[in-house]
């Protein structure tokens, strides 16, 4: 299984398109009620969908190869940040912001800690044939 996209609700699709283009995403689909973007790296997509109201609850994480450089570029494009890049206790550097509807966004750089932090489960847990969560079997 591979994650294709995350879709967030927005009240104003054209305003959201402008914001996500300034974040460096490339628009590949558009309608009055929906827009989908290709992320700059990795082939994943991100989309926005028209909603009557938005109740922010999720955080969308976008990984950056050079977080400080990217934040500087985005600020020059008028993007406002809630927090500048800072090292977190889980060994990720993160900068936080919100889209025009208040959807929370985290730009981060994590290196090896993205998938293999020192506290990672070894072996990882998977859904087993008997219906229980179980450690992955080594092959």
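In the numbering used here, the protein residues as written are 982 to 1120.
A virtual CB, placed ideally from N, CA and C, is assigned to each residue, including glycine.
In terms of residue numbering, what span does the alpha helix (DSSP H) encompassing residue 1065 cover?
Walking along the chain shown from the start, residue 1065 turns up at place 84. Unbroken run through residue 1065 is the beta strand (DSSP E), 1062-1068; no alpha helix (DSSP H).
Residue environment, residue 1001, which counts as buried when at least 16 other CB atoms sit within 10 Å:
Indexing the chain shown from 1 puts residue 1001 at position 20. With 16 or more other Cβ atoms within 10 Å, it is buried.
From residue 1085 to residue 1041, what distance separates their C-alpha atoms?
For this step, residue 1085 is matched to residue 104 along the chain shown. For this step, residue 1041 is matched to residue 60 along the chain shown. Taking the straight line from one Cα to the other gives about 6 angstroms.
If you follow the beta strand (DSSP E) that residue 991 is in, where does it begin and where does it stop?
Indexing the chain shown from 1 puts residue 991 at position 10. For residue 991, the enclosing beta strand (DSSP E) has its first and last residue at 986-991.
Using 8 angstroms for Cβ pairs, my map puts residue 1162 next to residue 1061. What's the rounded Cβ distance?
Outside the shown range of the chain (982 to 1120) lies residue 1162, about which nothing can therefore be said.
Using DSSP's beta-bridge definition, name the partner residues of residue 1079.
For the purposes of this step, residue 1079 is identified with residue 98 of the chain shown, where counting begins at 1. In the DSSP assignment, the residues bridged to residue 1079 are 1085.
If you reduce the DSSP assignment to three classes, tell me which class residue 1052 lands in.
Your numbering for residue 1052 matches position 71 in the chain shown. Reduced to three states, the DSSP call for residue 1052 is helix.
According to DSSP, what are the bridge partners of residue 1023?
For the purposes of this step, residue 1023 is taken as residue 42 along the chain shown, with counting starting at 1. Beta-bridge pairing links residue 1023 to no other residue.
Using the three-state DSSP reduction, which class does residue 1035 fall into: helix, strand or coil?
Counting from one through the chain shown, the residue named residue 1035 turns up at place 54. In the structure shown, residue 1035 sits in coil (DSSP, three-state: anything other than H, G, I, E or B).
Cut-off 8 angstroms between Cβ atoms - residues of its own chain near residue 992, not counting five sequence neighbours on either side
As a position in the chain shown, residue 992 is number 11, starting the count at 1. Cβ neighbours of residue 992 beyond the five flanking positions: 1031, 1032, 1033, 1034, 1035, 1082.
Could you check whether residue 1043 and residue 1087 sit closer than 9 angstroms to each other, using their CB atoms as the reference points?
Indexing the chain shown from 1 puts residue 1087 at position 106. Indexing the chain shown from 1 puts residue 1043 at position 62. Yes, Cβ-Cβ distance for residue 1087 and residue 1043 is below 9 angstroms.
As a quick exercise: from 989, 1053, 1069, 1050, pick the residue whose alpha carbon is nearest that of residue 1015.
Taking the chain shown and counting its residues from 1, the one referred to as residue 1015 is at position 34. Of the listed residues, the one whose Cα sits closest to residue 1015 is 989.
Cutting at 8 angstroms between CB atoms, please list the residues of its own chain near residue 985, excluding the five before and the five after it.
Indexing the chain shown from 1 puts residue 985 at position 4. Only residues of its own chain outside the window of five on either side were considered, and among them 1025, 1026 have a CB closer than 8 angstroms to the CB of residue 985, listed in chain order.
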